[in-house]
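Encoded as structure tokens, the structure appears first; notes follow it.
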Amino acid sequence: MSLFQQTSNVLDIPTGRLKMDILGPRWQKDKVVVVMGATGTGKSRLSIDIATQFPSEIINSDKMQVYKGLDVVTNKISEQEMSGVPHHLLGVVNPNTEFTATDFCDMTSLAVESILTRGLLPIIVGGSNSYVEALMDGGDYRFRSRYDCCFLWVDVSMPVLHEFVCKRVDQMVRNGMVDEVRDMFDPTADYSRGIRKSIGVPEFDSYFRAEPYLDEENRARLLGEAVSEIKMNTCKLATRQLEKIQRLRNVKGWNIHRIDATEVFCKSGKEADKAWEKQVARPSAAILGEFLYNFPTPSTATVGTAKEYFPQCLVA
24 MSLFQQTSNV
34 LDIPTGRLKM
44 DILGPRWQKD
54 KVVVVMGATG
64 TGKSRLSIDI
74 ATQFPSEIIN
84 SDKMQVYKGL
94 DVVTNKISEQ
104 EMSGVPHHLL
114 GVVNPNTEFT
124 ATDFCDMTSL
134 AVESILTRGL
144 LPIIVGGSNS
154 YVEALMDGGD
164 YRFRSRYDCC
174 FLWVDVSMPV
184 LHEFVCKRVD
194 QMVRNGMVDE
204 VRDMFDPTAD
214 YSRGIRKSIG
224 VPEFDSYFRA
234 EPYLDEENRA
244 RLLGEAVSEI
254 KMNTCKLATR
264 QLEKIQRLRN
274 VKGWNIHRID
284 ATEVFCKSGK
294 EADKAWEKQV
304 ARPSAAILGE
314 FLYNFPTPST
324 ATVGTAKEYF
334 PQCLVA
């Protein structure tokens, strides 16, 4: 059970509107949470954890997951994993069109306003940091002038993350990735537009073109080469994403809270879940408690139970 679920049980928190003004003056600006991180670090998991504690809706900021289709290739969160939390900008765009950063900014701004009018907390989550940067720093900083943003960065040591994403690609193959891409294969397709830019699509091009003419051994060899290329490109993507976050934090001066999840990925089963609660869920809950309600943030080394920093008046 996550920390956020424990908190709900301890505090008997009902579903409903966030009570923003019960602790004193109303917020000067409406609040928005942004969950960042390289591919595979657990951003979606953390966003759902947050949303099960604070009545929220989630806005996807992954530039490939915004398209319809290729759910395995783009690693879209499943309906079961959503735990009933509404998601925006997820699987809604024609896969053959080009979805731009400007489109993202326009649609996200509308989604944020819609979520806030219902008294809920908007959570923007995804790995496309260029989209998030355009939203935050574009248009004369219009978004930031209107909203107070809290940035949570789920970080994992690159060697550990690279090993994990390679295993995840193998699992995606077992989950039907090859057939999923084969079903939309078009030898005349443009891999520079739409969903076909996704890692896991162009890498199969040579395999699908040659597949009908190869014996079983050579098909297996060519397929293995395609999968290896997907792993390599995914690891390169993770490295670029990390570099972008570090630039936003260290060069542009964004106040990004780093949450180290490396220990989680070095464990398995219940031990990994315990590490997630201790290393990710609890520190994130403390940071959000301060951000949303101006409660002091305990150090991650001494974080106690959720009851210490979430009184019984968070929602009504």
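Throughout, our numbering is defined as the position within the sequence shown, counted from one, plus 23.
Glycine included, every Cβ here is placed at the ideal spot set by N, Cα and C.
Classify residue i as buried or exposed, calling it buried when 16 or more other Cβ atoms lie within 10 Å of its own Cβ.
i, result
"Ile-45", "At Ile-45 the pLDDT is 35, less than 50, meaning the model places this residue with poor confidence; the figure from the coordinates comes in the next sentence. The residue is exposed, with fewer than 16 neighbouring Cβ atoms inside 10 Å."
"Asp-85", "buried"
"Thr-211", "exposed"
"Thr-64", "buried"
"Glu-300", "buried"
"Pro-380", "One cannot answer for residue 380 here, as it falls past the ends of the chain, which runs 24 to 339."
"Val-148", "buried"
"Ser-322", "Since pLDDT at Ser-322 reaches only 43, below the 50 mark, its modelled position is unreliable, and no value is offered."
"Lys-275", "exposed"
"Gly-107", "exposed"
"Asn-317", "exposed"
"Gly-312", "buried"
"Arg-219", "buried"
"Trp-50", "Caution is warranted here: a pLDDT of 49 is assigned to Trp-50, below 50, making its placement in the model unreliable, and the coordinate value is therefore given only provisionally. Exposed, since its Cβ has fewer than 16 Cβ neighbours within 10 Å."
"Lys-52", "exposed"
"Gly-247", "exposed"
"Gln-76", "buried"
"Ala-309", "buried"
"Lys-254", "buried"
"Lys-54", "buried"
"Tyr-236", "exposed"
"Ala-233", "exposed"
What distance in whole Å lies between the Cβ atoms of residue j and residue i, which are believed to be in contact at a cut-off of 8 Å?
i, j, result
"Ile-138", "Val-56", "That pair is no contact at about 11 Å."
"Val-224", "Val-96", "6 Å"
"Val-177", "Val-58", "7 Å"
"Asn-119", "Gly-217", "5 Å"
"Asn-83", "His-111", "7 Å"
"Glu-104", "Ser-67", "7 Å"
"Phe-127", "Tyr-154", "5 Å"
"Lys-91", "Asn-117", "7 Å"
"Leu-265", "Glu-156", "About 14 Å separates the two Cβ atoms, so there is no contact after all."
Going by DSSP, which residues form a beta bridge with residue i?
i, result
"His-110", "Ile-81"
"Ile-279", "Phe-174"
"Lys-54", "Asp-171"
"Leu-90", "In the sequence as displayed, the identity of residue 90 is Tyr instead of Leu. BP columns for Tyr-90 point to Val-116."
"Met-105", "In DSSP, Met-105 forms no bridge with anything."
"Met-59", "Trp-176"
Taking 7 Å as the cut-off, decide whether the C-beta atoms of residue i and residue j are in contact.
i, j, result
"Asp-174", "Ile-279", "Looking at the sequence provided, one finds Phe at residue 174 rather than Asp. Yes, the pair counts as a contact, with Cβ atoms nearer than the cut-off."
"Met-87", "Ser-221", "yes"
"Pro-109", "Glu-80", "yes"
"Thr-262", "Gly-150", "no"
"Pro-78", "Leu-133", "no"
"Val-188", "Phe-288", "no"
"Tyr-230", "Ala-249", "yes"
"Thr-340", "Leu-158", "There is simply no residue 340 to check, as the chain begins at 24 and stops at 339 in what is shown."
"Val-192", "Phe-227", "no"
"Ala-298", "Glu-286", "yes"
Report yes if the C-beta of residue i is less than 6 Å from at least one heavy atom of the ligand PLP; otherwise report no.
i, result
"Val-188", "The model depicted lacks the ligand PLP and carries no ligand whatsoever."
Going residue by residue through the segment 187 to 241, where are the continuous alpha helix (DSSP H) segments of at least 4 residues, counting only ones entirely within it?
Listed in chain order, they are 200 to 206 and 228 to 233.
Any chance you could list the alpha helix (DSSP H) runs of at least 4 consecutive residues sitting entirely within the segment 114 to 154, in chain order?
Fully enclosed alpha helix (DSSP H) runs of 4 or longer: 124 to 140.
Report the start-end ranges of each alpha helix (DSSP H) in the segment 238 to 318 that is 4 residues or longer and not cut off at the edges.
239 to 273, 285 to 288, 292 to 299 and 305 to 316
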